[in-house]
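Participant: First residue of the sequence shown: 322, per the working numbering; consecutive thereafter.
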Amino acid sequence: MTGNEKYDKYVTQDQLRYASVLGTGMYLGLLALLITFVIYTLGILTPYIPLDKLSACWHIPAAEYLQSNNIPDGWGWVRMLGYGDFLNFIGIVMLAGTTIICYMAVVPALFKNRDYIYAAIAVLEVVVLVVAASGVIAVGGH
C-alpha cells in the first residue's frame with residue numbers, strides 16, 4: 322500500500338495507480354527538461370533567437386514577439402525542435418501531458434470495478450484535455 326498504515330484503508334488501487342503514473346511522468350518530464358537545458362546551455366544546438374538579441378524581446382507582448390520573430394503559434398514549435406531554445410518544449414509537453422496519461426491509466430480499472438460514473442468522468446477529462454491541447458478549438462486571446 323502507501324507505507325502509512327494510518328491512511329491505507331482510505332487509499333484505493335486506482336489512486337495508487339494514478340499517483341504512480343504521475344510520479345513517473347513527473348520524473349521523466351524533469352529529466353527531459355534537464356537534458357534539453359544542458360543541450361541549450363552548452364550550445365549543442367543553435368538557438369533560434371541568438372542570446373545577444375533575447376533581452377530585447379523581453380518587454381514585448383507574446384503575440385508581437387511571435388510575429389516579429391516569425392515564430393509559429395500553437396503546435397508550430399514542433400517544426401522548430403532543431404533549435405536549442407525550442408527543444409525544452411519537449412519536457413514541458415511531457416509534464417503537461419502526464420495528467421492525460423494518468424487518467425487513461427485508471428480508466429480500465431474503473432470500468433472493471435463497475436465505477437461507470439467515475440470512468441465516464443475520466444474519459445471525458447481525457448477528451449477535454451486532448452481537445453484543448455490540440456488547439457482545434459481556439460478560445461480567448463492567449
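Think of the CB as a built atom: it goes at the ideal place given N, C-alpha and C, for glycine as much as any other residue.
For clarity, every value in this text was computed on a predicted model and none was experimentally measured.
Do Gly405 and Leu366 have their beta-carbon atoms positioned less than 7 angstroms apart in this structure?
Facilitator: Yes, they are a contact pair.
Participant: Helix, strand or coil for Tyr439 per DSSP?
Facilitator: Tyr439: helix per DSSP, three-state reduction.
Participant: CA-CA distance, Ala417 and Ala377?
Facilitator: Their backbone Cα atoms lie some 29 angstroms apart in a straight line.
Participant: For Gly403, report the span of its alpha helix (DSSP H) as first-last.
Facilitator: Unbroken run through Gly403: none, as it is neither H nor E.
Participant: Taking its Cβ as the centre, do 16 or more other Cβ atoms sit within 10 Å of Ala383, making it buried, or is it exposed?
Facilitator: That one is exposed.
Participant: Which of helix, strand or coil does DSSP assign to Gly350?
Facilitator: Residue state, collapsed to three classes: helix.
Participant: What is the residue span of the alpha helix (DSSP H) that Cys423 lies within?
Facilitator: Cys423 -> alpha helix (DSSP H) spans 410-433.
Participant: Quick test of the definition: if touching needs 3 or more C-beta pairs under 8 angstroms, does the stretch 405-415 touch the stretch 341-353?
Facilitator: Yes, the stretch 405-415 touches the stretch 341-353.
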